[in-house]
Structures are given as structure tokens and as C-alpha cells.
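Just so we're aligned, residue -18 is where the sequence shown starts under our numbering, counting upward by one.
Below: the structure, in C-alpha cells.
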Amino acid sequence: MSTLSTIKQSPTFTKELVADPNREVISRQVRDAHFSYVKPIAFDNPKLVHFSADLLTDLGVEVDDEELFLAAMSGNKLLDDFESYAMCYGGHQFGQWAGQLGDGRAINVFESKFKNGLQTLQLKGAGPTTYSRRADGFAVLRSSVREYLCSEAMYHLGVPTTRALSLVKSGELVTRDLLYDGNPKDEQGAVVCRVAPTFIRFGSFEILTARKDVKNLKKLADYTIKHFYPSFIDNDNKYLDFYKAVVIKTKDLIIDWMRVGFVHGVMNTDNLSILGLTIDYGPYGWLEDYDPTWTPNITDAQGRRYRFENQPNIALWNLMQLANALYPLIKDVAVLEAELERFKKEYLEDYNSMMLSKIGVFDSKNKHLIPELETLMFRSSLDYILFFRELSKNKELTPQAFVEILEMTSYLEKHELQEDIEKWKKWFSKYQEVLGKEKLSTEERSKKMKAINPKYVLRNYMAQLAIEASEKGDNSIIEELYQLLLNPYGEQPTMEKWYKKRPDWAKNKPGCSMLSCSS
Ligand code: AMP
Ligand code: MG
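Rendered as C-alpha cells:
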């Protein structure tokens, strides 16, 4: 256990990679470097809203000085006089090369070896950087609550993610045009402290290749392999092995997102982590009524590039951009293409097994059950979380009990659902036949299903309730949801009020069904 007041840094990123020699914090293009030194701004009156006690335990840090904790989490004080910095990266946004992006409102404020390994602490919303372009470097409370709660929720769902250590109100106002309709408003500002082994993204490599800076590309790849893929360090084909590993991690991440019904909403290449972590919680959403074409991001409403069902295709597209970025180090198109082909094949296999396991079927030869199930779930507008969780209950499923599950989890009126019942009954009897051949007791099957079908996720309206209360100074819902989501697969009988369909009021409310990138 280390204490906050005596904690020691062990920087690797700034020590092993190339700094921008210019310390002037003016938005500009930064060439021949991986990062720029920049300090968070000082806020006069920051207030701690919440912190993750669970993450503190994982880091092995004891907060012996609460004032110092708040100062560090708001950016007013740098722990152990760390030299803070913002990272340079580029990216493809909505399929177009966007050039240099970089940490426009994120500043890495500490790096050390913690109990859970090498970790970087990053403040999001603590002021402008060299990469802020025309934006202000700040973040609003609304998007910060969403990032804070969802990062920790995802972690406890077992989905790889960056984590969140704290949520602080900056005490200052930030102006945002939430719906991009020419009505800007002042909102409360906030800072989230994110934590990850590294925040390197696909776009970190892309920017260097786009600038033909192979020297720094190689440095960044060597750094990433040394610290995060160390088993490849002595391999002859280490860059290819590294790329292969990223392909697998990214595929596994998407499978997890599909399993829990998470839609990232803005899978630009600057928002894909080189470690296969969920990163940059913006206009994300949770699938409620099953609609594979749903995207939570209003900016994406037209093209629906980032819709639920398209996430594997976009991951593949992004991996292709990463392949282009690493090409100068690998120089073999065929092997890179082979990896992309492998992604396609293995994703399909893994997706089918994952979906089968959600219905308690563990023999992949029964995959014919899945497309039919998806069509019916869509037709009958079933709640993605409730349906699979109800199916996971430890009870004999009679056709009648199954219809009751449909009624309980569908967003349709009873008479509308009635039209699909015959089709469902046919599917149900095939399903029962398959279950009959599997050698699991109802109890064993239920246990396995409950371990992968969460009971509680951060539904969009839940985050919205927490935000609206917090904006008025009441952080009790943040605390309640934080506690709830520590154990998303557990029963938690006192928390049943969060185990229900989206309420009607939330159906078309901004923040609940449609999310803005404005944050
Ligand atoms: P995102 O869509 O949130 O991943 O952001 C894309 C790019 O815009 C990144 O380079 C961000 O750092 C930058 N950005 C987003 N919001 C702000 C802001 N308020 N101030 C400065 N940069 C921002
Ligand atoms: Mg981003």
C-alpha cells in the first residue's frame, strides 16, 4: 500500500518517447514528437463528487490527505511534481482522415507502477492543450458523470475498459450547444480522472505514418511492445505479432460489447485503444428495445455508421487503418490482409458461440437458432437485458412461462406482440429440443447464463437521472448507481427498481435515447 502524500512517479512515456520541444500551449501542429508538456489549469473552488474506492484498492493507494486528493483530481496539484503532458494522435472520423487530433482536453498527470501494474492517470476536462484546436479543453458535468459511471460499470461487467478514479465539479461554467441548434447554454464544468495502462490509440500510429515519420513510428511501436506486449520483444516479426494481438483484443472487445448491448457511438480510429480497451465514453448508449440498427449518437443518425450491428465491421475497418499505419514496419500486405480475413472468420464464430451461450446453449452446431432469434427479438421489440436475464432464471421453461417472459420484456402492446407469438412458439420448440440434448441441469445452466447476462447495466435514463440530480447538488443517485454496478451479475434484491424496462418518459428524451457529441 502506498500513501497519496508520499507516492512516487515512474514515468516511461515521457522518458522513452519524444517530447515536443516547444512548451507554448497554443493549438498547433506538433511534428517529430509523441507528446507536448502541458499543465492543467487551477480551479478556484473544485468539489469532489465521487471517487472509486474500488479502483483505489486496485491501485493499492491509501488517501492519507483528502485535500491533496481533491487537488490532484482537479489538476490543481501534480503528484510528486510529475511533468504532465498531452499526447499527439490523429484519426479517421466517420471514415474520413481528419489529420492531427490529439489530447485536446486530456492531460496525463501521473504515471507509476501500482499494485495492478503500470498505470497512467489522466484528467479529462482540466483545460486547454496544444491539441485543443478551436475547442476549450473543458468538459461538462453531464458527459463526465456518464464517463465516470460507465467506465467503472464496464469494468465490473468484465469488459476491457479504461477506468475512472474520480469525478470532480470544477466550480466553473462551460458553454455548450447540446443539440447543435443554436441555443448554447452554460453548464457546470467537471473533471474525470481516467486510469489505464496506456492511452495510446490507433490514431497515435496513424499520425506518424501520415507524416512519413517512420523513426518515431518505430519508437512508438517499440515502446508499446516493450511495456504492453512484452512477450514479442525478441521475436523476428515482433511488429506483425503485435498487430495480430491487437486484432484479437479488438475482436474480443466487440464480442463483449455485443454481449452486454453496448453501442460506443463514435468508433473513430482515435477512439480505439491499442490495448483493446473501451475508451472515450461520449455519445454511447445501451441497447434497450432490440434494434440492431440503433445508434445513440445524433451526429450519426443519418448514416448510422456506428449502429449496434455495424460495430464489428467498423472495428475491422479501423484495424485496416492500423494495418496501413504499421505497414512501414511490417512491409507485407499479404500477411496484414490475412489477419483481417482471420478477424472476419473468427468474429463470426465467436459471435455465434457468445449468442448461443446467452441462451444457455454451449454446442456451436446449434447456431441456426441465433439469426431467427435476432429477427424475432427485433420484431417483438424485446429489451436486450431483461430478455436474456429472465431466460437465465433457474426454472423449467414451459411454453406458457416463455410467453410470460416475452410479455414482460417487450416494448410492444400485448395485442401487437400477439402477432408474433406463433413464430416465437416455433422457435421455442426448436430451442427446447436443443436444450434437451445438452447435458446440463437447469441449475447449472442458469448459473452459467447469469454469469454472462448482466442484470444491471447503466441504462441511458439511469445516467440521466444521476446527472439531473447532481446538477442540482444531489449526488446520491451517482452513489447508488456506482454501488449497484459494482455487481452487475448479482441478484441484489433491494435494487429491483433498476431491473425494469426503460420508462416511457425516457423514450425520446435527449440524453436517454439520443446523445449528443457536445460534451
Ligand atoms: P472525441 O470525439 O471526444 O473523441 O474527440 C475528438 C477530438 O476532439 C479529440 O482530439 C479531443 O481531444 C477533441 N476535443 C473534444 N472536445 C474537446 C474540447 N472541449 N476541448 C478541446 N478538445 C476537444
Ligand atoms: Mg476521442
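No residue lacks a Cβ here, since even glycine has one placed at the ideal position from N, Cα and C.
Of the choices the options, whose alpha-carbon is the least far from that of residue i?
i: glutamate 320; options: Met336, Ser334, Asn299; result: Asn299
i: alanine 282; options: Gln77, Glu403, Cys498, Pro474; result: Cys498
i: leucine 503; options: Gly41, Ala14, Ile(-12); result: In the structure as shown, the chain begins at -18 and stops at 500. Residue 503 is therefore absent and cannot be evaluated.
i: leucine 198; options: Ser212, Val241, Phe183, Ala450; result: Phe183
i: leucine 258; options: Gln81, Ala315, Ser410, Met135; result: Met135
i: valine 244; options: Leu446, Gly71, Leu357, Gly263; result: Gly263
i: lysine 196; options: Gly417, Arg12, Cys131, His349; result: Arg12
i: glycine 170; options: Asn489, Thr156, Ile459, Met430; result: Thr156
i: asparagine 249; options: Lys326, Leu40, Trp78, Arg4; result: Trp78
i: glutamate 472; options: Pro484, Pro491, Ala432, Ser451; result: Ala432
i: tyrosine 411; options: Leu387, Ser457, Lys348, Ile448; result: Looking at the sequence itself, residue 411 is lysine, so the reference to tyrosine does not match. Nearest of Leu387, Ser457, Lys348, Ile448 to lysine 411, Cα basis: Lys348.
i: leucine 148; options: Ser132, Leu154, Tyr271; result: Ser132
i: isoleucine 181; options: Ile260, Gly118, Ile235; result: Ile260
i: tyrosine 328; options: Leu130, Lys429, Lys230, Ile459; result: Lys230
i: threonine 475; options: Lys436, Glu377, Gln399; result: Lys436
i: leucine 40; options: Leu49, Pro27, Met(-18); result: Met(-18)
i: proline 141; options: Ser254, Asn89, Leu122; result: Ser254
i: leucine 446; options: Pro165, Lys326, Gln100, Leu130; result: Leu130
i: isoleucine 22; options: Glu47, Val42, Asn3, Leu59; result: Leu59
i: leucine 122; options: Lys219, Arg9, Lys28; result: Lys28
i: aspartate 401; options: Gln413, Gly71, Phe383; result: Phe383
i: leucine -15; options: Val228, Asp46, Arg9; result: Asp46
i: leucine 201; options: Ile235, Cys69, Thr143; result: Cys69
i: leucine 303; options: Phe186, Asn456, Lys(-4); result: Phe186
i: methionine 54; options: Ala0, Ser151, Ser373, His396; result: Ser151
i: lysine 225; options: Phe324, Tyr265, Leu146; result: Phe324
For a test of your reading of the model: does the CB of residue i fall under 7 Å from any non-hydrogen atom of the ligand MG? Yes or no.
i: aspartate 566; result: Because the chain is modelled from -18 through 500, residue 566 falls outside the range shown and cannot be assessed.
i: asparagine 278; result: no
i: aspartate 401; result: no
i: aspartate 251; result: yes
i: aspartate 261; result: yes
Starting from residue i, follow the beta strand (DSSP E) in both directions and report where the run begins and ends.
i: valine 195; result: Counting along the chain, valine 195 falls outside any beta strand (DSSP E), though it belongs to the alpha helix (DSSP H) covering 195 to 209.
i: tryptophan 408; result: Unbroken run through tryptophan 408 is the alpha helix (DSSP H), 402 to 418; no beta strand (DSSP E).
i: cysteine 174; result: 166 to 177
i: asparagine 89; result: 87 to 95
i: serine 125; result: Segment 122 to 138 is the alpha helix (DSSP H) holding serine 125; no beta strand (DSSP E) there.
i: lysine 219; result: No beta strand (DSSP E) holds lysine 219; the alpha helix (DSSP H) holding it covers 219 to 241.
i: histidine 396; result: Element bounds for histidine 396: not the beta strand (DSSP E) but the alpha helix (DSSP H), 395 to 399.
i: glutamate 105; result: In the sequence as presented, glutamate is not what sits at residue 105; that position holds lysine. Looking at the DSSP string, the run of the beta strand (DSSP E) that includes lysine 105 is 98 to 105.
i: lysine 325; result: Not the beta strand (DSSP E): lysine 325 falls in the alpha helix (DSSP H), residues 314 to 339.
i: phenylalanine 16; result: 16 to 18
i: phenylalanine 63; result: Taken as a continuous stretch (DSSP letters only), phenylalanine 63 belongs to no beta strand (DSSP E), as it is neither H nor E.
i: phenylalanine 32; result: 28 to 32
i: threonine 156; result: 144 to 157
i: alanine 79; result: 77 to 81
i: histidine 73; result: 71 to 74
With a cut-off of 8 Å, does the C-beta of residue i fall near any C-beta of chain B?
i: aspartate 455; result: Protein chain content of the structure displayed is limited to a single chain, and chain B is not contained in it.
Check for me: the alpha helix (DSSP H) holding residue i runs from which residue to which?
i: isoleucine 351; result: 350 to 360
i: glutamate 377; result: No alpha helix (DSSP H) contains glutamate 377, which DSSP labels as neither H nor E.
i: glutamine 445; result: 441 to 452
i: glycine 184; result: 183 to 191
i: serine 457; result: 457 to 465
i: glutamine 292; result: 292 to 311
i: leucine 51; result: 47 to 55
Any heavy atom of the ligand AMP closer than 7 Å to the beta-carbon of residue i?
i: leucine 532; result: Any property of residue 532 remains undetermined from this structure, which presents the chain solely from -18 to 500.
i: leucine 82; result: yes
i: arginine 123; result: no
i: leucine 24; result: Looking at the sequence provided, one finds phenylalanine at residue 24 rather than leucine. Not under cutoff, so the answer is no.
i: aspartate 117; result: yes
i: valine 247; result: yes
i: serine 113; result: yes
i: cysteine 498; result: yes
i: alanine 87; result: yes
Within the present structure, is the beta-carbon of residue i separated from the nearest heavy atom of the ligand MN by less than 7 Å?
i: alanine 282; result: Although the ligand MN was asked about, the structure shown includes only the ligand AMP and the ligand MG as ligands.
Say whether the region 460 to 467 touches the region 480 to 494, bearing in mind that this needs 3 or more beta-carbon pairs closer than 8 Å, one atom from each stretch. no
Does the contact criterion of 3 or more C-beta pairs under 8 Å hold for the region 61 to 70 versus the region -14 to 3? yes
I want to know whether the region 26 to 46 touches the region 132 to 147 - three or more CB-CB distances under 8 Å. Counting Cβ pairs under 8 Å, three or more are found: they touch.
Within the chosen definition, does the region 404 to 411 reach the region 305 to 314 through at least 3 CB pairs nearer than 8 Å? no
With contact counted as at least three CB pairs below 8 Å, one residue from each stretch, are the region 289 to 297 and the region 142 to 160 in contact? no
Please confirm if the region 84 to 102 is in contact with the region 110 to 118, defined as three or more CB-CB distances below 8 Å between the two stretches. yes
Would you say the region 360 to 371 touches the region 387 to 396, given that touching needs at least three Cβ pairs under 8 Å? yes
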